[in-house]
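Okay, so here's the structure we're looking at.
Residue numbers (our numbering): 29 to 282.
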């Protein structure tokens with residue numbers, strides 16, 4: 029069902045992509061390592077998902093875990109990754125780069141935009157940790173960024189609802205405010221009733237226990253405290269619940 033409400037699902041595996049599409053996602057944000065906030069996915073993963081769907085895929089370009097203060101070498105890597113995904117037919121990219129003072133790194137962002145060419149660009153949640161969100165919004169407009177993914181500079185979209193409403197009002201239909209951070213059916217119901225937002229971003233992830241029968245308790249391959257035998261995967265029903273709400277809203281039934 030096509031309507032004015034859009035649902036983007038962030039996925040980092042083939043299984044999650046399939047679940048998101050079955051649940052009714054309009055678009056995928058593809059990344060790797062979602063459990064640490066996401067990093068650039070492999071080209072092989074992108075190509076495998078592309079083989080199975082013509083749904084829009086926007087690719088996260090983030091070379092590492094951590095902050096968004098990138099060295100010149102990292103920026104060059106990001107430019108090459110953007111070029112590679114553009115040539116491979118990606119429908120858009122998701123990027124963000126900051127200076128040490130918390131402002132948008134305009135020069136790096138311009139370089140990324142140039143590499144993106146005609147692909148739509150999303151400014152990701154680096155926006156939520158920048159120094160001045162309203163200035164960043166205006167700069168994003170000038171850069172030609174199409175979408176800003178944000179929780180309203182809060183730990184969740186509901187806690188950031190006031191800023192989300194302000195950003196939506198200031199967007200002047202030039203840039204889409206994509207609400208993210210804790211998005212589920214309950215959050216979307218609240219956002220629909222209290223804001224004019226039309227675009228929502230979620231992972232819908234749930235825990236799944238590894239199928240490994242033998243486990244060596246003396247060795248950990250991940251970050252301290254991270255259990256590699258607990259896997260995170262997009263839950264089809266969680267996506268469908270939000271899709272249903274958005275379809276009902278489009279039909280005027282909410």
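Where a beta carbon is used, it is the ideal one built from N, C-alpha and C, also for glycine.
Rounded separation between residue i and residue j - CA only
i	j	result
residue 82	residue 224	29 Å
residue 245	residue 220	46 Å
residue 29	residue 272	With a pLDDT of 36 at residue 29, under the threshold of 50, the modelled position of this residue cannot be trusted; read the value that follows with caution. So the alpha carbons of these two residues sit roughly 10 Å apart.
residue 94	residue 179	18 Å
residue 202	residue 121	18 Å
residue 278	residue 135	40 Å
residue 127	residue 97	6 Å
residue 125	residue 228	22 Å
residue 141	residue 50	32 Å
residue 167	residue 261	35 Å
residue 280	residue 189	22 Å
residue 64	residue 88	13 Å
residue 70	residue 60	7 Å
residue 105	residue 268	36 Å
residue 259	residue 210	19 Å
residue 241	residue 74	30 Å
residue 255	residue 170	43 Å
residue 44	residue 36	13 Å
residue 194	residue 243	50 Å
residue 109	residue 90	9 Å
residue 236	residue 99	36 Å
residue 250	residue 222	40 Å
residue 53	residue 41	15 Å
Limits of the beta strand (DSSP E) - the one that residue i falls within
i	result
residue 230	227 to 230
residue 55	55 to 58
residue 36	34 to 39
residue 259	258 to 262
Top-ranked residue by Cα proximity to residue i, from the options
i	options	result
residue 263	149, 275, 233	233
residue 39	165, 84, 57	57
residue 66	161, 107, 154, 46	154
residue 85	93, 76, 196, 91	76
residue 72	181, 113, 186	113
residue 79	101, 117, 111, 98	117
residue 139	268, 103, 152, 218	103
residue 186	253, 198, 217	217
residue 145	170, 70, 43, 111	111
residue 275	247, 206, 213	213
residue 204	109, 239, 192	192
residue 226	157, 176, 148, 132	176
residue 115	100, 43, 147, 222	147
residue 199	222, 215, 172	172
residue 207	52, 41, 152	152
Residue range of the unbroken alpha helix (DSSP H) whose run includes residue i
i	result
residue 49	42 to 51
Cβ-Cβ distance between residue i and residue j below 9 Å
i	j	result
residue 123	residue 150	yes
residue 32	residue 55	no
residue 159	residue 129	yes
residue 184	residue 230	no
residue 181	residue 161	yes
Checklist entry - In chain order, which alpha helix (DSSP H) runs of at least 4 residues are fully inside the region 172 to 250? => result 189 to 198, 213 to 222
Item to check | Segments of 3+ residues assigned as beta strand (DSSP E) that fall wholly inside the region 62 to 118 | outcome: 84 to 88
Next on the checklist: What ranges does the beta strand (DSSP E) occupy inside the region 111 to 157, keeping only unbroken runs of at least 3 residues that lie completely in it?
Outcome noted: 120 to 123, 149 to 151
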